[in-house]
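Those letters in the sequence shown? Residues 1 to 140, per the UniProt record's numbering, in order.
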Amino acid sequence: MESNKKVGNSWRLCHDVGKLVDEFAIQPSMFVSFLFENYLNYFGELTDVFRASEILSICAVLLDKWSGDHEALIPALWTAVLGLMVFNEHKVSKWNQIRGPVKLNKSTQRSEAASGLCPTDYYYYNVVTKSSKFHKFQFD
């Protein structure tokens, strides 16, 4: 099967990547999230998926590290779009419904060092406020 990225025998891409990136440059993180959610449906071979997942992982790190500077997010978007186009050697052409990105709540484990509170402090908080907001200790 011929690659979808070639035009004839050249390595030019069939699609205008610059135009595509410009259209989604307003929210690069959101577009990369859509790519994360949907790219598996369009790849026909596992080796292609492996390379694409590496590219998307790199983009996720770039987006996370540079989240404060919008202009710095654009190279991550370019990397994601080009990476998926180049590494999709065995394209699956069928109708696929596009799913929106799944919202993940980042929760961090409470640690004594991070919060400065001991487990007994949480216990006394529950006693004073008459709640069970924090773990309830079982005394046998």
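The beta-carbon is built from N, C-alpha and C at its ideal position, and this holds for glycine as well.
Among the options, which one has its Cα closest to the Cα of residue i?
i      : options                              : result
Cys-14 : Pro-119, Ile-26, Ala-25 and Met-85   : Met-85
Gly-44 : Pro-101, Phe-134, Ser-93 and Thr-120 : Ser-93
Ile-74 : Tyr-125, Ser-33 and Ser-29           : Ser-29
Glu-71 : Pro-119, Cys-118, Asp-121 and Asp-22 : Asp-22
Phe-31 : Leu-46, Ala-80 and Tyr-125           : Ala-80
Could you give the distance in angstroms between the alpha-carbon of residue i and the alpha-carbon of residue j?
i      : j       : result
Gly-18 : Phe-24  : 10 angstroms
Val-61 : Tyr-123 : 38 angstroms
Ile-26 : Leu-77  : 11 angstroms
Ser-33 : Asp-64  : 12 angstroms
Cys-59 : Ser-131 : 43 angstroms
Phe-50 : Thr-129 : 51 angstroms
Glu-54 : Cys-118 : 40 angstroms
Gln-97 : Val-127 : 51 angstroms
Ala-52 : Glu-89  : 11 angstroms
Lys-91 : Asp-16  : 18 angstroms
Asp-69 : Tyr-42  : 31 angstroms
Per DSSP, residue i is paired with what?
i      : result
Phe-43 : Lys-91
Roughly how far, in whole angstroms, is the beta-carbon of residue i from the beta-carbon of residue j, given that I think they are within contact range, below 8 angstroms?
i       : j      : result
Gly-100 : Glu-37 : 7 angstroms
Leu-35  : Leu-56 : 6 angstroms
Asp-121 : Phe-87 : At roughly 51 angstroms, the Cβ-Cβ gap does not stay under 8 angstroms, so Asp-121 and Phe-87 are not in contact.
Specify the secondary structure class of residue i as computed by DSSP and reduced to three states.
i       : result
Pro-75  : helix
Pro-101 : coil
His-15  : coil
Cys-59  : helix
Ser-29  : helix
Asp-69  : coil
Phe-134 : coil
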